[in-house]
Structure formats: structure tokens, C-alpha cells
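Below is one structure, written out as C-alpha cells; the observations come after it.
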Amino acid sequence: MDFYGINPAVLIASLMVASVPIMLAAIGELVVEKAGVLNLGVEGMMIMGAVCGFITAVHTGSPWAGFLGGAAGAMAISLIFALLTQVFLANQVATGLAMTLFGLGLSSLMGQGYNGIKPPAMADVPLGPLEDIPFIGRAFLSHDAMVYVSILIVAGVWAVLKYSRVGLILRAVGENHDAAHALGYKVRRIRVLAILFGAAMAGLGGAYVSLVRVPQWTDGITAGAGWIALAIVVFASWKPWRVLIGAYLFGGITVLQLNLQAAGARIPVEYLSMSPYLITILVLVIMSSGKGRAGLNAPAALGQNFHASR
Amino acid sequence: MFTLEKRPTPSKAWAWGTPFLAVALTMVAGGLLFAALGKDPFAVVRTIFWDPLFGEFARYLRGQLLVKAAPLTLIAVGLALGFRAGIWNIGAEGQYIIGAITGAAIGLAVYPTESRWIFPLMILGGAFGGWVWAMIPALLRTKFNTNEILVSLMLVYVAETILSKAATGFLRNPEGMGFPGSRSFSSYAAAGNPELIAGTGLHWGVVAALIAVIWAYVLLQRHLLGYQIKLAGQAPRAARFAGVSADRLVMLCMGMSGALAGLAGLFEVTGPAGQISIDFNVGYGFTAIIVAFLGRLNPFGILLAALLMALTYVGGEMAATNLGLPSSAIRVFQGMLLFFLLAVDLLSNYRIRLAGAAREVR
Numbered sequence: 012m013d014f015y016g017i018n019p020a021v022l023i024a025s026l027m028v029a030s031v032p033i034m035l036a037a038i039g040e041l042v043v044e045k046a047g048v049l050n051l052g053v054e055g056m057m058i059m060g061a062v063c064g065f066i067t068a069v070h071t072g073s074p075w076a077g078f079l080g081g082a083a084g085a086m087a088i089s090l091i092f093a094l095l096t097q098v099f100l101a102n103q104v105a106t107g108l109a110m111t112l113f114g115l116g117l118s119s120l121m122g123q124g125y126n127g128i129k130p131p132a133m134a135d136v137p138l139g140p141l142e143d144i145p146f147i148g149r150a151f152l153s154h155d156a157m158v159y160v161s162i163l164i165v166a167g168v169w170a171v172l173k174y175s176r177v178g179l180i181l182r183a184v185g186e187n188h189d190a191a192h193a194l195g196y197k198v199r200r201i202r203v204l205a206i207l208f209g210a211a212m213a214g215l216g217g218a219y220v221s222l223v224r225v226p227q228w229t230d231g232i233t234a235g236a237g238w239i240a241l242a243i244v245v246f247a248s249w250k251p252w253r254v255l256i257g258a259y260l261f262g263g264i265t266v267l268q269l270n271l272q273a274a275g276a277r278i279p280v281e282y283l284s285m286s287p288y289l290i291t292i293l294v295l296v297i298m299s300s301g302k303g304r305a306g307l308n309a310p311a312a313l314g315q316n317f318h319a320s321r
Numbered sequence: 029m030f031t032l033e034k035r036p037t038p039s040k041a042w043a044w045g046t047p048f049l050a051v052a053l054t055m056v057a058g059g060l061l062f063a064a065l066g067k068d069p070f071a072v073v074r075t076i077f078w079d080p081l082f083g084e085f086a087r088y089l090r091g092q093l094l095v096k097a098a099p100l101t102l103i104a105v106g107l108a109l110g111f112r113a114g115i116w117n118i119g120a121e122g123q124y125i126i127g128a129i130t131g132a133a134i135g136l137a138v139y140p141t142e143s144r145w146i147f148p149l150m151i152l153g154g155a156f157g158g159w160v161w162a163m164i165p166a167l168l169r170t171k172f173n174t175n176e177i178l179v180s181l182m183l184v185y186v187a188e189t190i191l192s193k194a195a196t197g198f199l200r201n202p203e204g205m206g207f208p209g210s211r212s213f214s215s216y217a218a219a220g221n222p223e224l225i226a227g228t229g230l231h232w233g234v235v236a237a238l239i240a241v242i243w244a245y246v247l248l249q250r251h252l253l254g255y256q257i258k259l260a261g262q263a264p265r266a267a268r269f270a271g272v273s274a275d276r277l278v279m280l281c282m283g284m285s286g287a288l289a290g291l292a293g294l295f296e297v298t299g300p301a302g303q304i305s306i307d308f309n310v311g312y313g314f315t316a317i318i319v320a321f322l323g324r325l326n327p328f329g330i331l332l333a334a335l336l337m338a339l340t341y342v343g344g345e346m347a348a349t350n351l352g353l354p355s356s357a358i359r360v361f362q363g364m365l366l367f368f369l370l371a372v373d374l375l376s377n378y379r380i381r382l383a384g385a386a387r388e389v390r
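Heads up: the sequence lines are chains R and E, in that order.
Mapped onto our numbering, the consecutive letters of the first sequence carry residue numbers 12 to 321.
Mapped onto our numbering, the consecutive letters of the second sequence carry residue numbers 29 to 390.
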């Protein structure tokens, strides 16, 4: 059952691993955008998560501490974004870009001297005999805990947004901040909390890149994953479950092209390695055009700053 | 607590004052960063901001300022046109790369013909390459409503892959013993972009940057299109009622910024960089975003901002060699500058009042 020497079970297994970072970052950004904030700094937060997580894990020897460190690092840098956009009312697009440029520089500064070090390994979740089920065991049940945690987080965000009061308030703030303010909700506070949640998720995703997926530290290690996460939110039309599908789609393309490269397919390596970005564009085009376009589903106050005049 | 009161119109004084305030704040925060890295902050700030202008090696380094400021100005002037109209082209790095490849390919295709028409043709090719690369997000935005921020950014990664293919494949020097990189333009007079006056750093890219600044200023101040760009950015609804076609603006703004970025790439690759290599691009396309904002999206402001940013590049390299400052510290410094700039912009759009004081007046 091999194609080009690619085993489908192994392909699915590596697809699940490859999609974790973008899934986490995208679900975080989805919450942020649902609150009406467009944070284009996902790439910057992810790479901060990657470097902080890596440093923490190397010094503590625990990948779990690394994930916490990654989330904390990304949240720290996102506080600047929160301060600028929510208190100083700066343009969200520009501030997000600033955070990406700043994060790329700062991460490379912090990561000096960590090149070539191996981080502590992340153990697979022991599922005992389940892992021995043919195909399914190899493809779905022999992963580290973050693979399952990320799926649980997507489910959690879906449930909270759809069924809870917190989710309703969050969506209200994102659809019409003036109305939410008039009802007495603290628009600014809710948005800051959403930004912090999004940063924590991007940080976890970044830490997963440097601790599990690669696993080592090099400059610019996230290689546009944060931007792909932003594209996935559009692809998902701001619906949590579709983030899952989107992340698996892009994870699948990444893994497939890497496997094709390794298997020596007759397509030149360059075309394969640009394919995730080209397919992102293609998917964006399909999703944003036509009658059922994704843009119609965007939160109404997305990207607009809130200034309470009264 | 403080409260913010929106100004009816942005303050003119603060519009001029904020860039200087932001630079001052960045120097303070940067000094703290350098101190945290175990360097003497005053020595570092002096090495970055003073020595390239008036220090021992200033004669050579002043030329380097122009070399670094020219691409930043060219790209930022184009980006600013779009930013003014609310069109976010953040893929200038990609347009810069593709412009460089297209223009260089024309020159390399006719090697070793010597004709005075080759370099002008290459310039056109560079602008065309950047324009084409920018037309992709522009067309997708106007025809399919696709977000131009994401598409233009994705195309940077695609352009980088094409660049590595060009340097190792279709533009590789056939006499280069298999090493990556194209033929050197410095030894091919008809296609080279040498220093026009030795020791000044002045090359055709600097000339083009100055022309672009004046052209953009005239466009914004004296031309209907410039008026429409400003109108669309400040009052999109009013612009629609006035019959300004949003699609046309997207195509024009993206196209102009792409062509300018492509030009910058061509001048860089034929002059200072000297050849198409895998990593000839050093992120000018992204730094130009900072330059555009630092120059307050005003062409002449951008010129000054580009010179300042060039100073941080040149001075940063000096600090790296003389004081052992990590080169990434400069990128952090540039990022900080944009943060401070966005923060102090508050002062030009809002008045800050003490909440208690306001009540007493009433």
C-alpha cells in the first residue's frame, strides 16, 4: 500500500503533527477576530513562542514547562499589541505588522547560542494495545499529548463560542462594539483578554514547532506558519470546526510535498516547497469569491478600534 | 485616570513632532536593551547614530547611507501610496526579488553584448517584474475579493523559492564552477550599476529614489489621482459617492508600489549586491514598511526616514564589528521604533485630559 514509497498511515501520522502549530495559532486568532480585533502579528507571536518555549524546555528539561514558557513569551509580546491597539488606539494592521517584525528580531536575539541544541523529547501518550491496531494505531493513536490537546482546544472554543454566555458576549463585542458597550460590557477588557488567549495559542503552536515538529532552534523557524494560520481563519469563515479541516488540509499539503521531495518525485523541489503558499492563495481565492463568500461571515467590527465617547 | 478626547482634525504640530519623539523614545528603550546585553548603551548609540556621519570612517560610511537608503526610499514611497488609500501591500520583499530577477535576466540573456540600451531595458524589466508580482494580489482582490495582505505576503515566500531556483538554476553563472549565484554585473559594463561618483555611494538607484520622491509628492499634492488616494483612505464612503473606483485605486496603488519595489531590486542586484545570489535580499521590503510609517506616508518624510533607517543599518554593522553587538539587536531596535511611532501617534489624533480635571471645569 505504498505510493512513491509513501506509506499512507505514516503520512496521516505526520500530517497530524504538522497541522498542530497552525491549528493552535488559527483557533487563537479566530477568537481574537471574533472579538473584533485583527491581529496580524501571529507570526511574531508564534516565533516568540518558539524561542521562549525552546529556551524554557532546554533549561528545565521538561517539554511541558517549555509549552508554558512559549505561551508566556507570546502573551508578553502581545501585551504590547493590546496596549497599542486598545489603549493607544493605534491602527491594528500596522501594529500587527510591527509585532511580527519585532518578534522576528527579538527571537533571533534571544535564540543566539541555542542553535544546534536538542530540546528534551516529548513522549507519546501511552495508549497500550490501542497503538497496535493496524493502520489506525500508527496513524491516529501514537502521538504526543499536544496533538490531542490541540483538537480538544478547538472543540472547547467551538462549545464556548456557541453555547456559553462568555461566547455570546465575545461575539457581541466583535459584531458591534458600541451596542456591547451600551449594554455595559467592558469592550476593551474583553478584547485584551481575547488577544491574550490568541497569543497563548500562537505561543503553544510556536513552541510545538521548535520542540516537537523540527525539533531545534533556527532563526525564522516558523517560516510563515503564522500567516498561513491567518489565512486558515478566512478559509474557516470564522467557524471553529473548519479551522480543524483547514489545518489538516495545509498540514497535509506540507507533509505531502516533503514526502514527495524525499521520495524523489519528478517535480522540481522548488515547485514542491512553494506549493503550500500557492495553495493557500488558491484556497483564499475560492473562499472569498462568489455568493457564499467567507467575507460575509466576518465579524462586523473586525479591525475597527473602539473609543467610548461617553 | 486619563481620558482621551478625539481632536476634530489631527494636530499638525504633533504630526511633525511624533517621529522625533518616537526616535528619542526608541533610543532610550534601545539603550536599555543594549545595556541588558552587557554593552555600554552610550557607546552603542554613538556608534550607530554618530560615527557613520561624523566619525573616523565617515567618508566611506556616508556613501553607504545612500546605498542603503535608496532601496528603502523607492519601496516605501510606493507602499505609502497604498497605505494612504487603505491598501496594504506588505509583499514588497517579493516584488523586489522578482523585479531583480526579471531585470537581471534581461541583462544576462544578452551577455556579453555591449550596448547602451541594455541597462535602460533592464530597468524597464525590473519595474515590469515587480509590477506583475504586485498585480497578482491586486487582481485577486478586485476580481475575487481576496485579502491582499495575505496574498502579497504569501507571494514573498514563493518569490524566495524562485530566487533560490534562479541562483542555483536558470541564472547561475555557467563559468561559476557550479557555485550558486549569477554572473557578476560589476564586470559587465553594459548591465552594471556602478557608483556614478567614486566614494559617494551615488548610483542610479539613488537618482531613481529622488525622482520617485518628487514624482510621488507631485502626484499626491497636484494630481487628481493623489487626491482620490487620500480621499479613499480618509473617507471611503465619500470617495464612493464621488465616483472614485476602489478597484482602479487598488490596481494603480499596488502596481505603482510593485514597480518601484522591482526597480529597487534591480538597482540593488546590478549595483551594491552585484549578482543574483540566494540571499541578496536583506529584508528591505519589510523594513520599508517601518520607513513608510516613520516618514508619515509623506514622500519627503520617507526620504528622511530612509536615511535614518539606513543609519541604523550602517551603524548597526559598525556596532556589530566594533562592539560585538548582535546583528539581530538592530532588527529589534527597528521594530521598537515602529511600536513607539504607532504609540505616540495617539498625540496627533487625541487630546489627553485628566479625568478629574475635566469634571471640575464643568
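Glycine residues also receive a C-beta, built at the ideal position from the N, C-alpha and C atoms.
Burial check for residue 176 (chain E): the Cβ neighbour count within 10 Å reaches 16 or more, so the residue is buried.
For residue 281 (chain R), the enclosing alpha helix (DSSP H) has its first and last residue at 280 to 299. Collapsing the DSSP output to three states places residue 189 (chain R) in a helix.
Residue 326 (chain E) and residue 56 (chain E) have their alpha carbons spaced roughly 26 Å apart. In this structure, the CA atom of residue 307 (chain R) is about 54 Å from the CA atom of residue 351 (chain E). Straight-line measurement puts the Cα of residue 178 (chain R) at about 44 Å from the Cα of residue 355 (chain E). Per DSSP, reduced to three states, the secondary structure at residue 149 (chain E) is helical.
The shortest CA-to-CA distance from residue 146 (chain R) to any of R:19, R:59, R:318 is the one to R:19.
Per DSSP, residue 275 (chain E) has no beta bridge partner at all. Note that the C-beta distance between residue 222 (chain R) and residue 53 (chain R) is not below 8 Å. Residue 186 (chain R) sits away from residue 319 (chain R), with the two beta carbons spaced by 8 Å or more. At least one beta carbon of chain E lies nearer than 8 Å to the beta carbon of residue 102 (chain R).
Given a length threshold of 4 residues, each whole run of the alpha helix (DSSP H) inside the stretch 58 to 108 of chain R is given here in chain order: 74 to 93. For secondary structure counted as the alpha helix (DSSP H) over 4 or more consecutive residues, the stretch 323 to 351 of chain E holds these complete runs in sequence order: 327 to 351. With fewer than 16 other beta carbons inside 10 angstroms of its own, residue 34 (chain E) counts as exposed. A contact is defined here as three or more CB-CB pairs under 8 Å, and the stretch 90 to 97 of chain R meets this definition with respect to the stretch 198 to 212 of chain R. At a cut-off of 8 Å between beta carbons, residue 44 (chain R) makes no contact with chain E. For the stretch 56 to 135 of chain E, there is no continuous beta strand (DSSP E) assignment of 3+ residues that stays within its boundaries. Cβ neighbours of residue 98 (chain E) within its own chain (closer than 6 Å, five residues either side excluded): 233, 234, 237. Beta-carbon to beta-carbon, residue 187 (chain E) and residue 291 (chain E) are separated by about 15 Å, too far to satisfy the 8 Å threshold.
According to the DSSP assignment, residue 380 (chain E) belongs to the beta strand (DSSP E) that extends over 378 to 382. The three-state reading of DSSP puts residue 373 (chain E) in coil, since its state is none of H, G, I, E or B.
Residue 298 (chain R) and residue 257 (chain R) have their C-alpha atoms spaced approximately 12 Å apart. For residue 106 (chain R), the closest alpha carbon among the candidates R:154, R:128, R:82, R:48 is that of R:48. Near chain R, meaning a CB-to-CB distance below 7 Å, the residues of the stretch 345 to 358 of chain E are 354, 356, 357. Shown here for residue 74 (chain E): not one same chain residue has a beta carbon closer than 8 Å to its own, the five before and five after excluded. For residue 30 (chain E), the secondary structure class from DSSP, reduced to helix, strand or coil, is strand. Close to chain R, meaning a Cβ-Cβ distance shorter than 7 Å, are the following residues of the stretch 364 to 377 of chain E: 364, 366, 367, 370, 371, 373, 374.
Only exposed fits residue 252 (chain E), as fewer than 16 other CB atoms lie within 10 angstroms of its CB. At a cut-off of 8 Å between beta carbons, residue 172 (chain E) contacts chain R. Chain-order list of chain R residues neighbouring residue 185 (chain E): 234, 235, 285, 288, by C-beta distance under 8 Å.
Closer than 8 Å to the CB of residue 193 (chain E) there is at least one CB belonging to chain R.
Residues of the stretch 156 to 172 of chain E with a C-beta less than 7 Å from any C-beta of chain R: 168, 172, listed in chain order. DSSP places residue 177 (chain E) in the uninterrupted alpha helix (DSSP H) bounded by 176 to 193.
Burial state of residue 262 (chain E) is exposed, judged by a 10 Å Cβ sphere holding fewer than 16 other Cβ atoms. Within a 10 Å sphere around the beta-carbon of residue 261 (chain R) sit 16 or more other beta-carbons, which makes this residue buried.
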